[in-house]
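For the sequence shown, this note's numbering gives the first residue as 2, with consecutive numbering after it.
Accompanying notes for the structure given below.
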Amino acid sequence: MDPVIIVGAGPVGLTLALLLTRQNVPVVVLDEGPGKDEPRPARTVVLREDTAALLERLTGAALAEHGVRWAGWRSVRRKQVMTEIAFAEDDPAAPLHIAQHIVTNALRAALAGQPLAEVATDSRLDAVEQERSGVTAHTRGPKATWWHGSYLIGCDGPRSTVRKLQDIRFPGRTAVERHAVATLRTELPWEDHALLHRMPPWRSSGPFAGEVTARPLPDGAWRLDWLLPPGKDLVTPEVLLTRIRETLTGWTGSDAPAYDLLDTGVHTVHHRLARRWRAGRVFLAGDAAHLLGAFGTQGLDEGLRDADNLAWKLATAWHHGPHEALLDSYQTERRAVVAARLRAADQALPVLRGGGLRGIVPGAARGQDAQFTDGHLGRGALGAPGDHAGSPLTPRHLEAAIPVDTPPGAQVTDVRVTAEDGSFVRLRDRLGRGALLVVLIAPGTGVWDRKHWVSAGVMPRLAAAVTALPHPAELLVAESYPGAPAHSVLLVRPDGHLVTALSGVRPADLYTAAEATLGGSAPEAEPVAEDAREREQEQKEQPMSERAATAEAGSGLR
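Right, here's the structure in full:
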C-alpha cells in the first residue's frame, strides 16, 4: 500500500509522521524548505503537560532541559498582585516554554532515523488528485515529481495550499490581537516565573496597550510580549527600545537596567476555523485547519492534539482497510474541541478587552484575571485540553459501565502500570503505538512478581477477552487509578482518551466498547459520496464572519 503523504514539515507534520511510523505506516513528508529551522529566539511555544509528554515520547529528547518549566505564575493589575501560583519542582502541570526551532529540529532528528520515513526538501505542492484507491500529489522545485499516497494530510500552515486546492473555506476573524515581541537576556526579580502585567503604572501613550507578558527562557533570557491596540500602527525599533527600557525600569527599579537584545518581531493572532477537515482522502491538521491564540492560548498545542487523534485512525485504516466512520470522527472530535475554544475566546474578548463600566464592577477584575490565568496555564474553557464526550466513537448502553474520576472521552491520568513483560512503566508511555489499552485495577499486585498473579484470579479470563477484541490491544495492570474501585477495567484509546470503565471483567461489554471505538459495525460510507454530502451541507451554511473570510490568515511569530 502507498505511503501517507504529509504536506508541511513543521512541528505538527513531523509529529504526525513520527506517530505513523511508530505504527508501521510509511510516510513521505513534503517540505518546501531546506530541511532545517533557523534559530529565532522570539519564535517560541508554550507546551502543556500532555503535548510536552507527547513530544518527549516521540523524540526521546528531554525537551525540558532545552526550555524552562515555569516555577510559578503571577498576574498583576496596576500594582496589585491578582493571582500568584507556585509549581513544585518537576511538576508536569507547569507549562514548558521553549524555542520552536529546538522542538522542530528534535522532531527532524528523530524522523531521520526512521526507515519508513522519507523527507523531500525543496518540494512545494501545486496539485492534488484523488482516486478511489489513493491520492496523487505534484511538487515543483528542484525535485519536481508526482507522489502517490494512500492519504494526504495538509499540515502546511495558515496559508495552506492543500486547503486551497480542496476549495475548503477558512472563515473567521483577522488580527484579533497583535503583540510586539522582544527576546532579551536580563535579570528580573522573579526567576523562572511567568508574569502577566495589566495596566502597568508606567504605561505611556504610543502604539502599545496596557498589557505586557514575560515568559522565562534558558540562560537568563525572557520573551516579552506587549499587546498592541487595534489597528496597523508600525512598531519602529526606536519605539520598541523605549518600551523595553520603560518596562524593565518599572519592574527592576533601575534607571538603566542592563539587557542584551536577542530578537524582535510582531506576533499577530487570528481566529479561523476550516469548514471541513476532511475531503475524501485528504485531511487538514494544525494551522491549516484552525488558528487561535488570544489570551495566552497556544495554537501548537491543538495542532499536536490533531496529529495524535488522526494518527491511530489513519494507521487503522492503512493496516486493516476502510474505516470511514473512524476517519470521519477525526473532524467531528477535533473540530468540536477547537470550535468550543474559539467560541469561549470570542465571548471573552468584549469583556476582557472592552473596558468601560465592566472594568469597575466589584469583583470584575478578579473574574477577568481568572480567565487570563486559565488561558496562560491551560485550564478552563480557554485553555484546558478538550474531551470527546459527544464523540460518535463513544459506546452506548454498557450495563457494566461505572464512573471514575476521568469522564469518558477525557484524557486518562498518568499512573504507574505493569506491562506484559512484567516491567513497571507509566501509562502514558504505552500510548501512540496503535493498540487499545486495557487496564485492570488490582491493588497489591505491585509488590508481587507478575508471574505469581498473571495466571490467577480474573487475569486469565481478562487476557482471553483482550485477545478476542476486534483490534490489537495491550493488557496492563495498575495498583490504583483515581476514582476506580478494585477489579475495575479501563479501556483507553491509543491517543490516551478514556473509552469506558467497567465493573469487573465483562468480555461482552469490553468487546462492544472496542467495536464502538473503531467506528462501530455500520456499513461503511463511500469517501467520495460522503465528501459530496459535506460539500452540499457547506453550501447551506452561512460562513462565519463572511466579510473577513477573503483575507488569508498569515501569522507572524508563533
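Heads up, the beta-carbon is just placed ideally off N, CA and C, and yes, glycines get one too.
Discussion item. Quick check on Pro-4: does DSSP put it in helix, strand or coil?
Written reply: Taking the sequence shown and counting its residues from 1, one reaches residue 4 at position 3. Three-state DSSP puts Pro-4 in coil, outside helix and strand.
Worksheet item: When the Cα atoms are used, what is the spatial distance from Leu-228 to Val-236?
Response: Along the sequence shown, read from residue 1 onward, the residue named residue 228 stands at position 227. Along the sequence shown, read from residue 1 onward, the residue named residue 236 stands at position 235. So the alpha carbons of these two residues sit roughly 12 Å apart.
Worksheet item: Do the CB positions of Gly-221 and Arg-186 come within less than 9 Å of each other?
Response: As a first step, residue 221 is located in the sequence shown; it is residue number 220 there, counting from the start. As a first step, residue 186 is located in the sequence shown; it is residue number 185 there, counting from the start. Yes. Within cutoff.
Worksheet entry | Bridge partner(s) assigned by DSSP for Thr-137 | What you label residue 137 is simply residue 136 of the sequence shown in a count that begins at 1. Paired residue(s): Glu-130, His-149.
Fill in: For Arg-160, three-class secondary structure by DSSP
Against the sequence shown, residue 160 aligns to sequence position 159. Note: Arg-160 maps to coil in three-state DSSP.
Worksheet item: For Val-13, which residues from the same chain have a beta carbon less than 6 Å from its beta carbon, with the 5 sequence-adjacent residues on both sides left out?
Response: Taking the first residue of the sequence shown as 1, we reach residue 13 at position 12. Within the same chain, Val-13 has close Cβ partners Cys-156, Ala-286, Gly-287, Gly-304, Ala-308.
Fill in: Backbone CA spacing between Trp-313 and Leu-438 [nearest angstrom]
One-based indexing of the sequence shown puts residue 313 at position 312. One-based indexing of the sequence shown puts residue 438 at position 437. Cα to Cα, Trp-313 sits roughly 13 Å from Leu-438.
Discussion item. Just checking Gly-155 against the ligand GDP - is the residue's beta carbon closer than 8 Å to any of the ligand's heavy atoms?
Written reply: Ligands in the displayed structure: none, and consequently the ligand GDP is not present.
Worksheet item: Taking contact to mean at least 3 C-beta pairs separated by less than 8 Å, is the region 255-264 in contact with the region 193-202?
Response: no
Worksheet entry | Beta-carbon gap between Thr-184 and Ala-118 smaller than 9 Å | Position 183 of the sequence shown holds residue 184. Position 117 of the sequence shown holds residue 118. Going by C-beta atoms, Thr-184 is not nearer than 9 Å to Ala-118.
Discussion item. For a minimum of 4 consecutive residues, which ranges assigned as the alpha helix (DSSP H) are wholly contained in the region 48-120?
Written reply: 50-60, 101-113
Worksheet entry | Burial state of Ser-255 (16 or more Cβ within 10 Å) | Position 254 of the sequence shown, counting from 1, holds the residue named residue 255. Exposed, because fewer than 16 other Cβ atoms sit within 10 Å of the Cβ of Ser-255.
Practice prompt. Report the option in Leu-31, Arg-125, Ala-87 whose CA atom is closest to the CA atom of Leu-378.
Written response: Within the sequence shown, the letter at position 377 stands for residue 378. Selected option, being the one with the closest Cα: Ala-87.
Item to complete: Return the residue from the list Ala-382, Arg-41, Ala-469, Val-177 that minimises the CA-CA distance to Gly-232.
Response: Translated into positions along the sequence shown, residue 232 becomes position 231. Checking every option, the nearest Cα to that of Gly-232 belongs to Val-177.
Item to complete: Could you tell me which of Ala-401, Thr-333, Val-283 sits nearest to Gly-150, measuring between CA atoms?
Response: Residue mapping note: residue 150 aligns to position 149 of the sequence shown, counting from 1. Closest by alpha carbon: Val-283.
Discussion item. Can you tell me which residues form a DSSP beta bridge with Trp-223?
Written reply: Within the sequence shown, numbered from 1, the residue matching residue 223 stands at position 222. DSSP lists Leu-185, Pro-217 as partners of Trp-223.
Discussion item. Would His-291 and Glu-334 qualify as a contact pair, given that the criterion is a beta-carbon distance under 9 Å?
Written reply: Position 290 of the sequence shown, counted from the first residue, corresponds to residue 291. Position 333 of the sequence shown, counted from the first residue, corresponds to residue 334. No, these two residues do not count as a Cβ contact at 9 Å.
Worksheet entry | Given Leu-15 as reference, the closest of Asn-106, Leu-97, Thr-395, Ala-289 once Cα atoms are compared | Along the sequence shown, one-based indexing puts residue 15 at 14. Ranking the options by Cα distance to Leu-15, first place goes to Asn-106.
Worksheet item: In three-state terms, what does DSSP make of Ala-290?
Response: For the purposes of this step, residue 290 is taken as the residue at position 289 of the sequence shown. Coil.
Worksheet item: In three-state terms, what does DSSP make of Gly-14?
Response: As a working mapping, residue 14 is identified with position 13 in the sequence shown. Helix at Gly-14.
Item to complete: May I ask you to list the residues that DSSP assigns as paired with Leu-196?
Response: Along the sequence shown, read from residue 1 onward, the residue named residue 196 stands at position 195. Arg-75, Ala-215.
Item to complete: Identify which residue in Pro-219, Val-47, Pro-35, Gly-294 has its Cα closest to the Cα of Ala-94.
Response: The residue labelled residue 94 in the question sits at position 93 within the sequence shown. When only C-alpha atoms are compared, the closest one is Val-47.
Fill in: DSSP-derived helix/strand/coil call for Gly-9
Position 8 of the sequence shown, counted from the start, is the residue given in the question as residue 9. If DSSP states are grouped into helix, strand and coil, Gly-9 belongs with coil.
Item to complete: Can you tell me the Cβ-Cβ gap for Ala-10 and Val-82, rounded? I've got them flagged as a contact below 8 Å.
Response: On the sequence shown, residue 10 is found 9 positions in, with the first residue counted as 1. On the sequence shown, residue 82 is found 81 positions in, with the first residue counted as 1. Contact doesn't hold; Cβ gap of about 43 Å is too wide.
Discussion item. Comparing C-alpha positions only, which one of Arg-344, Gly-322, Arg-306, Leu-353 sits nearest to Gln-332?
Written reply: Along the sequence shown, one-based indexing puts residue 332 at 331. Nearest C-alpha to Gln-332: Arg-306.
Worksheet item: How would you label Leu-19, buried or exposed, when you count the other beta carbons within 10 angstroms and need 16 or more for buried?
Response: Position 18 of the sequence shown holds residue 19. So Leu-19 counts as buried.
Worksheet item: In three-state terms, what does DSSP make of His-321?
Response: To locate residue 321, count along the sequence shown from 1; it is residue 320. Helix, per DSSP.
Worksheet item: Should Asp-91 go down as buried or exposed, given a rule of 16 or more other Cβ atoms within 10 Å for buried?
Response: Position 90 of the sequence shown holds residue 91. Per the 10 Å Cβ criterion, exposed.
Worksheet entry | Alpha-carbon to alpha-carbon, Leu-499 and Arg-431 | Here residue 431 is taken as the residue at index 430 of the sequence shown, counted from 1. Here residue 499 is taken as the residue at index 498 of the sequence shown, counted from 1. So the two alpha carbons sit approximately 14 Å from each other.
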